[in-house]
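Protein chains in written order, with full-length UniProt numbering: chain R, 1 to 450; chain Z, 1 to 450.
In this text, a Cβ means the ideal position worked out from N, Cα and C, and glycines have one as well.
Notes to accompany the following structure.
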C-alpha cells in the first residue's frame, strides 16, 4: 500500500518533472491538489525564481492557507506584494490566531484597512487576539471553542453537539463555564462517549486543570503541553473568563522555533530565516555578523601586537599560538551550548547554576591538565624546547579554565541583562578565549624568554 | 485565578524550600503528588546528589512513569541500578512503545528476563513493537487502538464505545479495518458526534488518508504530523494490516530531539545529554571532542610552521593571521548552519542544492570583497604598509569564498557518505578555513616579501 508520504513525495517529484518538461497546466492542477502545508514546504524548498513561478500558479482560494503555513520571512516577502483588499480576501477564512499573526507582520496602515474590511463581530474577536503579543498564550489562541454549562446532562450535551454540522479540529475537550463566562472545568469528549448519558456535566467534568493565563509566554505554554500531553487547553483573562483555546498544532510550531532559535542564533542567524533567500538579501544579513566578529578579531590581534618582540625572537610562538586559542574556543563553546540548551529547556535556575559553574570549571581543570600534558610533550618534541612545552601547557590550562568559567557564567549574566545568550554568547566567549589564550601564552613566553 | 504553571512552579519552589529546611516527609508527599513529567523535569534539573535523594523518595508505583519521562542518558543511569524483576515491576503498566524504548536501553540478558516475566499476550505485542528500530514509525507506535468495521451503523459504534470504561488518551479517530485486519479508513470521533446515528461507518469514514508504514523513519513521521496537523495516525505493515497508532505526544519528542540534534552535534555533544551529569562523566565525554579538534589545530599550526622565515621578517603577519582564519571560520559556520538546518527540515534535495552552492559562493564573494576592503584599509593604516593591506585583503577574499563553498558542499558530501553533517561538519570546516586562511595569507606574503 502506498503511504501518504510516498504519495506526497511522488506528487512532489512528479511536479518537478512536470515543471522541467514545461507542461504548466499539469503543474498548476497538481499544485492546487496538494495540501497547503505541502505547497508551503515546496515554496520554502525552492530557489526564488522557481518559487515565484509556483506562487503564481497557486489559486486565489488556496493562497491564504499557503501563506498561513509559510515561515515568517518568506510570508512577509509574499505579503509585501499585496494590498489590504487582497490580504483581506485571501485570509478571511483563517482562524483568529493565524490571521492575527499575519496582520502583525503587515504595516499598520494595511492592518487597519484589513480590519475595517471585516464585519463587526469578526473584527472584535480579532482585535482581542491582537491585544496579546504573538509570543504569548493570547497570541496563540483561537476562539473556536465549544462551551457548555455544568448543570446540563450528558444527553443534552450530546444532542447539542449533534446540532453542529462539524466540531472544530483538535477538539478533545468541551469547556465548562459559569454564568459569568468563567472557566470552571473540562469535559473530555472521551468521557462524554463512555459515560451514562443521564449523568450531569458537573459530575463528570475535570476540575483540577488550571487554565492558561493569556499573558503566559509561548515557550512556557509549550512546556505545559509537552509535560501534560495536552491536545488543547483553555486560555483565560485575569478574571478567569474563557477567551479561547490553544491547540497542539500551534504549540508544535513554538517547540520547533524555540529549538531552532538556539541553533541559528549561535551562528548569528534568525530562526525564521528563509533557506533559499536571494543572494543580496543573504549577503547583507550575514555581513553584519561578520562585521561584529571582525571587531573581536582585531581585539585579539591587538593583544598579539603587544608581543611582537617576543615573537620575533621565538617564531615558534606564532606557530603554536592558534592552538591555545582554538582549544579554549572549542571547550568554551561546549559549555556555552550546554547552558543555552539547558536554559531553553527550563532546567537552569538560581538553585542549580552555581553547581553547574563548579562542574564546568572542574571539567575545565581536568581536561586542561590532560590536553596541556599532551600539547606540552608534542610542542617540546616538535621544537626541541622543553620550556616552550611548559609555557604552552600552562597557557592551555589557564585558557581551558577561563573558557569553562566564561561559558558557564556568561549566559547567566547575559540573561539577567536581558540579552539573548544564544546570540551574544558565542561572540563574547571567543573574544575572551582568544584574548586570554594569546595573552597567557605570549605573556608567559615574554616573561621567560625576555 | 492561579494558572497550572504558577501552581506547578509554586509546588517546585515549595519542594526546594522543604528540601532546604529538611522536612523530608513533606518533600516526599509533595514529590509524589506531582505529575510524572514534573518529577522527571525536577530530576533532570538537579545536580547528582540532590537528584539521588529525590529519586529515593519517588514511590515505587510512580517510578515507571517517571523513568518513562526522563531523557535517555539519565534514564539509562537509573535503570543501571535495577535488576530485571524491578524493571518488570515498575514498567508493567506502561504503553508498548514506551516500554520498548526502555527495554532497548537495557542489556540483552535483562531485556530477556523482563520479557519472560510478562504474560504471553503482552510479550507478543511488545516483541512486535521491538522488531522495529526505535527511530522508526514501528518503534513509536502503541497498540491501544480502537478498531471498527465498515458495515456498522454509527449508533452501533456509539453503543460499542459506551461499553468501554475509558477511551485511550489522544484518541481522535477510530480505525476502520476489513476482515483481514487491513486498514481501510478513519472515523473521526467528531464525525461520530455530529452525524446521523443511522448512517453507516462506510458512508462517513475518511478514506483518502494513507496510513504510515512501520519502517518509515521517525523524522519523516514527524514531518507528516506537522504538515497535516494530526493528533494520531495509524501504522500498518507491508500488507496494509493495522499494527497500532502513533500519537502526537511521542511525535513532539521526536521534533524536539531532531531540532536539538543539530545544536548539540555542532558542539560535539549528544541530544540526549544530561545537563547535570557529574564531573568525571562530563570530562571524559568532552575530552574526545577536544582531542579531535587538537589534531586539526596541529594541522593548522604545521601550515604556519612552513612560513617561519617570512614571519620572522614581518612580525605583523603573526599579528594579523588570526583575523583571516577567524573570518573564514565565522562565514563557513553560517553557511554550514543554514545547510544543516535545511537538511533537518527536509528542504534540501538534489534539485536545489546546486542553487544553494551558487548562492553561498556569491554571498562569499560579496562579503569577501566588502570585508577585504575594510580589513585592507585597517591593516595598511595600522602597520603603515599598503602591500600588507593588499595581501590580507586578497587572503580574506580567498578564504571567504573557500568557506562558503566548503560550508555548502561539505554537508551534502558527508550526508552521501552517511556521516552526520552536524557532527563532523564543523571540525572539517574549521580545519579547511584555518589551513586556507594561513596558507593564502602567509603564502602571498612570502611570495611578495621574499
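query: Considering residue 247 (chain Z), what are the terminal residues of the beta strand (DSSP E) in which it resides?; result: 242–247
query: Verify the contact flag: residue 412 (chain R), CB atom, against every heavy atom of the ligand SAH, threshold strictly below 6 Å.; result: The ligand SAH is not part of the structure shown, which contains no ligands of any sort.
query: Along the segment 304–322 of chain R, where does the CB come closer than 7 Å to a CB of chain Z? Name the residues.; result: 304, 305, 308, 311, 312, 315, 318, 319, 320, 322
query: Any beta-carbon of chain Z closer than 7 Å to the one on residue 367 (chain R)?; result: yes
query: So for residue 345 (chain R), helix, strand or coil by DSSP?; result: coil
query: Give the single residue among Z:333, Z:239, Z:119, Z:38 whose Cα lies nearest to the Cα of residue 293 (chain R).; result: Z:333
query: Output needed in chain order: residues of the segment 40–74 of chain Z with a Cβ under 7 Å from some Cβ in chain R.; result: 41, 44, 45, 46, 47
query: State whether the segment 259–268 of chain R contacts the segment 411–424 of chain R, with contact taken as three or more CB pairs (one from each stretch) at a distance under 8 Å.; result: yes
query: Measuring straight from C-alpha to C-alpha, what distance separates residue 101 (chain R) and residue 394 (chain Z)?; result: 46 Å
query: So for residue 173 (chain Z), helix, strand or coil by DSSP?; result: strand
query: Report the start-end ranges of each alpha helix (DSSP H) in the segment 164–234 of chain R that is 4 residues or longer and not cut off at the edges.; result: 189–194, 201–204, 218–228
query: According to DSSP, is residue 236 (chain Z) helix, strand or coil?; result: strand
query: Could you check whether the Cβ of residue 1 (chain R) sits closer than 7 Å to any Cβ belonging to chain Z?; result: Annotation note: pLDDT 36 at residue 1 (chain R) (below 50); position unreliable, no value reported.
query: Cα-Cα, which of R:317, R:392, R:410 is closest to residue 337 (chain R)?; result: R:410
query: Cα-Cα, which of R:316, R:52, R:220 is closest to residue 446 (chain R)?; result: R:316
query: Just checking: is the beta-carbon of residue 164 (chain Z) within a distance shorter than 7 Å of some beta-carbon in chain R?; result: yes
query: Got a sec: is the Cβ-Cβ distance from residue 122 (chain R) to anything in chain Z below 7 Å?; result: no
query: Quick one, which of R:214, R:248, R:190 has its alpha-carbon nearest residue 237 (chain R)'s?; result: R:214
query: Would you tell me roughly how many angstroms separate the C-alpha atoms of residue 112 (chain Z) and residue 249 (chain Z), rounded to the nearest one?; result: 28 Å
query: Where residue 129 (chain R) and residue 41 (chain R) are concerned, what is the direct C-alpha to C-alpha distance, given to the nearest angstrom?; result: 27 Å
query: Here's a check: name, in chain order, each residue in its chain whose Cβ is nearer than 8 Å to the Cβ of residue 150 (chain Z), leaving out the five neighbours to either side.; result: 176, 178, 184, 185, 200, 201, 202, 205
query: One question on the structure: do residue 403 (chain Z) and residue 328 (chain Z) come within less than 7 Å of each other, judged by their Cβ atoms?; result: yes
query: Residue 291 (chain R): buried (16+ other C-beta within 10 angstroms of its C-beta) or exposed?; result: exposed
query: Starting from residue 444 (chain Z), find everything on chain R with Cβ-Cβ shorter than 7 Å and list it in chain order.; result: Those within 7 Å of residue 444 (chain Z) in chain R number zero; the least Cβ separation is about 17 Å.
query: Quick check on the DSSP output: the alpha helix (DSSP H) that includes residue 53 (chain Z) runs from which residue to which?; result: 48–57
query: Kindly say whether residue 363 (chain Z), judged by its beta-carbon, lies nearer than 7 Å to any beta-carbon of chain R.; result: yes
query: When you compare the CB of residue 275 (chain Z) with every CB in chain R, is at least one pair closer than 7 Å?; result: yes
query: Report the three-state DSSP secondary structure of residue 419 (chain Z) (helix, strand or coil).; result: coil
query: So is residue 256 (chain R) buried or exposed if we call it buried at 16+ other beta carbons inside 10 Å?; result: buried
query: Would you give the residue range spanned by the alpha helix (DSSP H) that residue 23 (chain R) belongs to?; result: Unbroken run through residue 23 (chain R): none, as it is neither H nor E.
query: Which same chain residues, not among the five before or five after residue 273 (chain Z), have their C-beta less than 7 Å away from its C-beta?; result: 73, 264
query: Can you find a C-beta in chain R that's less than 7 Å from the C-beta of residue 399 (chain Z)?; result: no
query: Less than 6 Å between C-beta atoms, sequence neighbours within five positions excluded: which residues of the same chain meet that for residue 211 (chain R)?; result: 183, 234, 236
query: Taking 8 Å as the limit between beta carbons, can you name the residues of its chain near residue 435 (chain Z), skipping five residues before and five after?; result: 299, 300, 303
query: With DSSP as the reference, identify every bridge partner of residue 142 (chain R), one or two as the case may be.; result: R:245
query: Within 7 Å of any Cβ in chain Z, is that where the Cβ of residue 229 (chain R) sits?; result: yes
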